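For the sequence shown, full-length UniProt numbering assigns the number 785 to the last residue and increments by one with no breaks. Every residue gets a Cβ at the ideal spot worked out from N, C-alpha and C, and that includes glycine. Quick caveat, the model's predicted, so the values are computed rather than measured.
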Amino acid sequence: MRIVSTNFIPDRSRPGLRTTAIGAVDLQGVGGNWATVGRRSRGGRRVRRQREKRKGKSVGLRIGTLNVGTMTGKGRELADMMERRKVDILCVQETRWKGSKARSIGAGFKLFYYGVDSKRNGVGVVLKEEFVRNVLEVKRVSDRVMSLKLEIEGVMLNVVSGYAPQVGCEVEEKERFWSELDEVMESIPTGERVVIGADFNGHVGEGNTGDEEVMGKFGVKERNLEGQMVVDFAKRMDMGVVNTYFQKREEHRVTYKSGEEEVRDREENQVEECCEEFRQKLRQALGGQVVLPDDWETTAEVIRETGRKVLGVSSGRRKEDKETWWWNEEVQDSIQRKRLAKKKWDMDRTEENRQEYKELQRRVKREVSKAKQKAYDELYTRLDTREGEKDLYRLARQRDRDGKDVQQVRVIKDRDGRVLTSEESVQRRWKEYFEELMNEENEREKRVEGVNSVEQKVDKIRKDEVRKALKRMKSGKAVGPHDIPVEVWKCLGEAAVEFLASLFNRVLESEKMPEEWRRSVLVPIFKNKGDVQSCSNYRGIKLMSHTMKVWERVVEARLRKVVEICEQQYGFMPRKSTTDAIFALRILMEKYRDGQRELYCVFADLEKAYDRVPREELWYCMRKSGVAEKYVRVVQDMYERSRTVVRCAVGQTEEFNVEVGLHQGSALSPFLFAIVMDQLLEEVRQESPWTMMFADDIVICSESREQVEENLERWRFALERRGMKVSRSKTEYMCVNEREGSGTVRLQGEEVKKVQEFKYLGSTVQSNGECGKEVKKRVQAGWNG
Numbered sequence: 001m002r003i004v005s006t007n008f009i010p011d012r013s014r015p016g017l018r019t020t021a022i023g024a025v026d027l028q029g030v031g032g033n034w035a036t037v038g039r040r041s042r043g044g045r046r047v048r049r050q051r052e053k054r055k056g057k058s059v060g061l062r063i064g065t066l067n068v069g070t071m072t073g074k075g076r077e078l079a080d081m082m083e084r085r086k087v088d089i090l091c092v093q094e095t096r097w098k099g100s101k102a103r104s105i106g107a108g109f110k111l112f113y114y115g116v117d118s119k120r121n122g123v124g125v126v127l128k129e130e131f132v133r134n135v136l137e138v139k140r141v142s143d144r145v146m147s148l149k150l151e152i153e154g155v156m157l158n159v160v161s162g163y164a165p166q167v168g169c170e171v172e173e174k175e176r177f178w179s180e181l182d183e184v185m186e187s188i189p190t191g192e193r194v195v196i197g198a199d200f201n202g203h204v205g206e207g208n209t210g211d212e213e214v215m216g217k218f219g220v221k222e223r224n225l226e227g228q229m230v231v232d233f234a235k236r237m238d239m240g241v242v243n244t245y246f247q248k249r250e251e252h253r254v255t256y257k258s259g260e261e262e263v264r265d266r267e268e269n270q271v272e273e274c275c276e277e278f279r280q281k282l283r284q285a286l287g288g289q290v291v292l293p294d295d296w297e298t299t300a301e302v303i304r305e306t307g308r309k310v311l312g313v314s315s316g317r318r319k320e321d322k323e324t325w326w327w328n329e330e331v332q333d334s335i336q337r338k339r340l341a342k343k344k345w346d347m348d349r350t351e352e353n354r355q356e357y358k359e360l361q362r363r364v365k366r367e368v369s370k371a372k373q374k375a376y377d378e379l380y381t382r383l384d385t386r387e388g389e390k391d392l393y394r395l396a397r398q399r400d401r402d403g404k405d406v407q408q409v410r411v412i413k414d415r416d417g418r419v420l421t422s423e424e425s426v427q428r429r430w431k432e433y434f435e436e437l438m439n440e441e442n443e444r445e446k447r448v449e450g451v452n453s454v455e456q457k458v459d460k461i462r463k464d465e466v467r468k469a470l471k472r473m474k475s476g477k478a479v480g481p482h483d484i485p486v487e488v489w490k491c492l493g494e495a496a497v498e499f500l501a502s503l504f505n506r507v508l509e510s511e512k513m514p515e516e517w518r519r520s521v522l523v524p525i526f527k528n529k530g531d532v533q534s535c536s537n538y539r540g541i542k543l544m545s546h547t548m549k550v551w552e553r554v555v556e557a558r559l560r561k562v563v564e565i566c567e568q569q570y571g572f573m574p575r576k577s578t579t580d581a582i583f584a585l586r587i588l589m590e591k592y593r594d595g596q597r598e599l600y601c602v603f604a605d606l607e608k609a610y611d612r613v614p615r616e617e618l619w620y621c622m623r624k625s626g627v628a629e630k631y632v633r634v635v636q637d638m639y640e641r642s643r644t645v646v647r648c649a650v651g652q653t654e655e656f657n658v659e660v661g662l663h664q665g666s667a668l669s670p671f672l673f674a675i676v677m678d679q680l681l682e683e684v685r686q687e688s689p690w691t692m693m694f695a696d697d698i699v700i701c702s703e704s705r706e707q708v709e710e711n712l713e714r715w716r717f718a719l720e721r722r723g724m725k726v727s728r729s730k731t732e733y734m735c736v737n738e739r740e741g742s743g744t745v746r747l748q749g750e751e752v753k754k755v756q757e758f759k760y761l762g763s764t765v766q767s768n769g770e771c772g773k774e775v776k777k778r779v780q781a782g783w784n785g
């Protein structure tokens, strides 16, 4: 493998300065023709480096390229090699994996890949963990060409991985590859850095007579047709063959060599039972007392100090390596023996050494298969228990996150679409966007009529209510600014229950909660649609005090006993789920399909639903629903003087006030939203399944276009007069058994977008009433696992 050490990345203001590394070597060391291409220097390489040291930005990267032969069973081995060789970015070819995804391969490395169903060819790019968050864009052109765009310290870097057709392939296939590569290069804006790692399957030849401007003297073999195409490409793109500038031994220019150093043993995470130690340390901090202090501030500070001493401070749980969880010492030893055999064969290419190497290759495959089977058996045994359910969902969530190309962005666009790259400007933009979003109401009609408040005495908070609230709180969740996770209260048992019951009663009586509960951290979550660099395509989720969430759970349980929500609301209601709403809609569509009758289904979308709820409307709806005034004032206090900061990939913004909307991430918000929707739409909703809601996901059904238009307009009027807005661009409809000349559905004169399929609550529904695409999607998801 050729590793190109890029010690500098010039400033973007220097157009045309590009560095490209091109090469490929088989992981097993079989064959592998390579050429390394980089930006050629005018005036000499030494002069260029001196200029760029003075004028450019310096970012040290180690970039390599490798033909892996196949990625199957080699993820951990590849990660281990990159770790030993300190490779930051690796372009890989001939992965032979189908699909277009991203996945962890171990040791924090992540592979972005693309391949077709034939399991031939395939290209990818592996990134070190620290650079994964820098990915801005992934372009998968074909199973021979793909590229990644990264932002590194304000510099745009494009990494292209390519796999050229072999010598015996058809001319048309070769031309298609070069055409695709040209298109990728032309799409990169002038001034951005480019690195290409590819297996060009050609020899550029020794010497550089006549081609001094694009290559050095240290190529290999005689130049063939494919090598000439590499040189022509370098001239056309004003680039240079980088590897030919470095004098290396013959075997180091052609094959991948592994050193004899021992591969360090994996460190296994040891889980220590520390609840008892925490309780003892806390008891010592309280002077031997078992009872916690009455005031919140003292208790919170003692718990935080004790937690830091016993547990330390963590930046978050390290993701379980997807390709290493089955790894064991037998596999590690077999791979080490294979490496030594490969080195021995490279030094003395006898038939005996070759057979020894091939036998060890087969043994490694058997050991990997055996280790995986054993690990899977243990995993299935664990998952087949009640305790294993959490592991199952955690693995599913982790796999979903790993499969996303872009998880965090370090650059964002301003109002005018200009890309911001400095940390300060990115932070200001996030603050500007969310501060505006959470402090501006939509236009609404002010209420003139009042509503009678329910003045009644409320019972004190009982210990059993606290226990139930704690039981409903999930462990392992991110904490807010006050750094006390719910696991602390669970660990302290009855002492915590007594303290919280006393604390909540004081809050209930005074209608004032601790000031630090008013602060939160807002994390932007990409909606997986639209421009990843646009703030409007992110949903802000607040990380709030876990203790406040326990308090919200207690209040919510009491409100649910008083407030009766309509049957059309499926979201966050007891004994109801997304499955019920999806099933009801599918059955309705199938009935009308079989009866050859028209059915119109409008999927209404509310703009920034939670963030745009007017709080005056919330208090009105609570009172109208019969909520005791005591609880209304308690909820009002939860929203009084609330403040937040935005935590983004480049740091944390300044704090700002939040005056409008519900807290996204709050335990109580879903039920409060259901109360608002229930009251605002009381006069316009129809029976289920003609009207169904799952929080802010709304579907309105009718037998005719005119009727569905009328119903949609009634919903729009009812919502918008109270400050909620129906999105014209995101509201869509479909029609079952649509007749010719039926016309299109309109909303206030504007055509509503018509679709043949719609993803409703995560399930794809089709206008023909069938389930084929949803079944195919689920089967495909299973195979991609």
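What residues in its chain sit with their C-beta under 7 angstroms from that of residue i, if we drop five residues either side in the sequence?
i, result
"LYS576", "TYR570"
"ASN269", "Confidence in ASN269 is poor, its pLDDT being 30 and thus under 50, which makes the residue's placement too unreliable to answer from."
Strictly by DSSP, which residues pair up with residue i?
i, result
"ASN657", "ARG643"
"THR691", "ILE700"
"MET734", "CYS601"
"residue 822", "No statement about residue 822 is possible, as the shown extent of the chain runs from 1 to 785 and does not include it."
"ASP199", "TYR163"
"CYS535", "According to DSSP, CYS535 bridges with nothing at all."
"LYS221", "LYS221 pairs with nothing; no bridge assigned."
"GLY205", "DSSP, once it has assigned bridges, lists no residue as partnering GLY205."
"THR764", "LYS759"
"MET215", "VAL241"
"ILE541", "VAL523"
"LYS754", "TYR733"
Evaluate residue i with the Cβ neighbour count: other Cβ atoms within 10 Å of its Cβ, from every protein chain shown; 16 or more gives buried, anything less gives exposed.
i, result
"ARG462", "exposed"
"ARG46", "For ARG46, the predicted structure reports a pLDDT of 31, less than 50, and the residue's modelled location is therefore unreliable. A value from the coordinates is still provided. The residue in question, ARG46, is exposed, as its Cβ has fewer than 16 Cβ neighbours within 10 Å."
"PRO189", "exposed"
"CYS535", "buried"
"THR65", "buried"
"PRO574", "exposed"
"ASN208", "buried"
"GLU272", "Below a pLDDT of 50, predicted positions are generally treated as unreliable, and GLU272, at 40, falls in that range; the measurement from the model is reported next regardless. Flag for GLU272 reads exposed."
"SER381", "Per the sequence presented here, residue 381 reads as Thr, with Ser not at that position. Exposed: under 16 other Cβ atoms inside 10 Å."
"CYS735", "buried"
"GLN596", "exposed"
Is the separation between the beta-carbon of residue i and that of residue j shorter than 8 angstroms?
i, j, result
"VAL676", "VAL613", "yes"
"GLY216", "GLY205", "no"
"GLU180", "SER147", "no"
"GLN361", "LYS338", "yes"
"GLY749", "ASN442", "no"
"ALA469", "VAL554", "yes"
"LEU599", "LEU585", "no"
"ASN201", "ALA164", "yes"
"GLU757", "LYS777", "no"
"GLN93", "ASP182", "no"
"VAL745", "TYR733", "yes"
"GLY115", "TRP97", "yes"
"GLU629", "VAL454", "yes"
"MET513", "VAL660", "no"
"LEU282", "THR306", "yes"
"LEU157", "ARG193", "yes"
Who are the near neighbours of residue i in its chain, counting only those whose CB is closer than 6 angstroms to its CB and skipping five residues on each side?
i, result
"GLN132", "In the sequence under discussion, the amino acid at residue 132 is Val, which differs from the Gln named in the question. Result list for VAL132: LYS110, in chain order."
"MET548", "TRP517"
"GLY197", "ALA21, THR65, CYS91, SER161"
Output needed for residue i: all residues of its chain with C-beta closer than 8 angstroms, excluding positions within five of it in sequence on either side, in chain order.
i, result
"TYR357", "LYS338, ALA341, LYS342, LYS344, TRP345"
"LEU680", "GLU617, CYS621, ALA718, LEU719, ARG722, MET724"
Counting only runs of 4+ residues fully inside the segment 484-516, write out the alpha helix (DSSP H) ranges in chain order. DSSP runs (the alpha helix (DSSP H)) wholly in the segment 484-516: 486-492, 494-510.
4 or more residues per run - each alpha helix (DSSP H) lying fully within the segment 543-596: Along the segment 543-596, the alpha helix (DSSP H) occurs as fully enclosed runs of 4 or more residues at 546-562, 578-594, listed in sequence order.
Sequence ranges, beta strand (DSSP E) only - wholly within the segment 59-144, length at least 3: The qualifying runs are 61-67, 89-93, 99-106, 109-115, 123-127, 135-140.
Going residue by residue through the segment 398-476, where are the continuous alpha helix (DSSP H) segments of at least 4 residues, counting only ones entirely within it? Complete alpha helix (DSSP H) runs here, min 4: 423-437, 463-472.
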